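Student: Can you read through this structure? Questions will come right after.
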């Protein structure tokens with residue numbers, strides 16, 4: 453089966469199934485260094501997938517390609533029915549629907565935990581402040597740190613900061629996390 457046939461088959465499956473992410477023969481280069489070689493995977497809606505491997509094996513690069521924070525040079529990526537390889541018009545939609553927690557949590561040090569979590573829902577999703585704060589408090593409870601809402605990131609442990617970053621990502625109600 454050619455790559456075009458595989459991509460067509462993947463896109464056809466998306467129309468008839470619960471496939472959320474389909475990657476077919478994805479390649480990524482940094483200069484002459486090939487970071488991803490022929491990555492093919494399908495992740496269904498609601499499915500939990502674990503990407504594991506040694507440092508430098510391409511895990512973060514692949515995730516960044518799925519969110520189009522990195523441009524891949526070969527293969528096809530389809531997220532929630534939107535093909536990313538050739539159609540760049542939908543990048544912002546994809547980015548708003550794919551939640552990520554980075555290795556460096558990138559919390560704003562001058563904002564409280566509550567403000568870190570509510571910033572994007574208020575400004576990007578246009579949620580009323582009261583609704584965003586209620587959701588943020590519920591998410592803090594869900595990740596087990598409701599008492600940290602008024603603290604600043606520098607007052608938290610690394611694990612607590614990671615939980616804030618997870619809550620912040622979930623606050624955007626992404627289709628893919």
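Residue numbers (our numbering): 453 to 629.
Note that the Cβ used here is the ideal one computed from N, Cα and C, for glycine as well.
Model, not experiment: these values are computed from the prediction.
Quick check on DSSP: helix, strand or coil for residue 527?
Tutor: Taking the chain shown and counting its residues from 1, the one referred to as residue 527 is at position 75. Three-state DSSP puts residue 527 in a strand.
Student: Using only alpha-carbon positions, find the residue among 609, 485 and 617 that is nearest to residue 552.
Tutor: In the chain shown, counting from the first residue as 1, residue 552 sits at position 100. Taking only the C-alpha atoms, the option nearest residue 552 is 617.
Student: Determine the DSSP secondary structure at residue 486, reduced to helix, strand or coil.
Tutor: Translated into the one-based positions of the chain shown, residue 486 becomes position 34. Note: residue 486 maps to strand in three-state DSSP.
Student: Classify residue 453 as buried or exposed, calling it buried when 16 or more other Cβ atoms lie within 10 Å of its own Cβ.
Tutor: For the purposes of this step, residue 453 is taken as residue 1 along the chain shown, with counting starting at 1. Annotation note: pLDDT 47 at residue 453 (below 50); position unreliable, no value reported.
Student: Starting from the Cα of residue 565, find the closest Cα among 629, 486, 598 and 527 and give me that residue.
Tutor: In the chain shown, residue 565 corresponds to position 113, counting from 1. Considering only alpha carbons, the answer is 598.
Student: Which runs of the alpha helix (DSSP H) spanning at least 4 residues fall entirely within the region 554 to 583, listed in chain order?
Tutor: 565 to 575
Student: Going straight from the alpha carbon of residue 549 to that of residue 483, what length do you get?
Tutor: As a first step, residue 549 must be located in the chain shown, where it is residue number 97. As a first step, residue 483 must be located in the chain shown, where it is residue number 31. Taking the straight line joining both Cα atoms gives about 30 Å.
Student: CA-CA distance, residue 533 and residue 573?
Tutor: Residue mapping note: residue 533 aligns to position 81 of the chain shown, counting from 1. Residue mapping note: residue 573 aligns to position 121 of the chain shown, counting from 1. The alpha-carbon atoms of residue 533 and residue 573 are separated by roughly 24 Å.
Student: Taking the alpha-carbon positions, what's the residue 606 to residue 561 distance?
Tutor: Residue numbering aside, residue 606 sits at position 154 when the chain shown is read from its first letter. Residue numbering aside, residue 561 sits at position 109 when the chain shown is read from its first letter. About 7 Å.
Student: For the alpha helix (DSSP H) that contains residue 516, what are its first and last residues?
Tutor: As a position in the chain shown, residue 516 is number 64, starting the count at 1. It spans 511 to 518 - the alpha helix (DSSP H) in which residue 516 sits, taken as one unbroken run.
Student: Is residue 587 helix, strand or coil when you go by DSSP?
Tutor: In the chain shown, counting from the first residue as 1, residue 587 sits at position 135. For residue 587, the secondary structure class from DSSP, reduced to helix, strand or coil, is helix.
Student: Thinking residue 638 and residue 488 are a contact (beta carbons under 8 Å), I'd like their distance in whole angstroms, please.
Tutor: Beyond the ends of the chain as shown, which are 453 and 629, falls residue 638; an answer cannot be given.
Student: Alpha carbon to alpha carbon, how far is residue 497 from residue 429? Give it in angstroms, no decimals.
Tutor: No information on residue 429 is available, as it lies outside the stretch 453 to 629 that the chain covers here.
Student: Any Cβ of chain D within less than 8 Å of the Cβ of residue 584?
Tutor: Among the chains of the structure shown, chain D does not appear; only one protein chain is present.
Student: Between the beta-carbon of residue 623 and the beta-carbon of residue 588, is there less than 8 Å?
Tutor: The count along the chain shown starts at 1 and reaches residue 623 at position 171. The count along the chain shown starts at 1 and reaches residue 588 at position 136. Yes, they are a contact pair.
Student: Roughly how many angstroms separate the alpha carbons of residue 516 and residue 528, rounded to a whole number?
Tutor: Position 64 of the chain shown holds residue 516. Position 76 of the chain shown holds residue 528. Using only the alpha carbons, I get a separation of about 14 Å.
Student: Go ahead and pull the three-state DSSP assignment for residue 471.
Tutor: Sequence index remark: in the chain shown, residue 471 carries index 19 (1-based). Three-state DSSP puts residue 471 in a strand.
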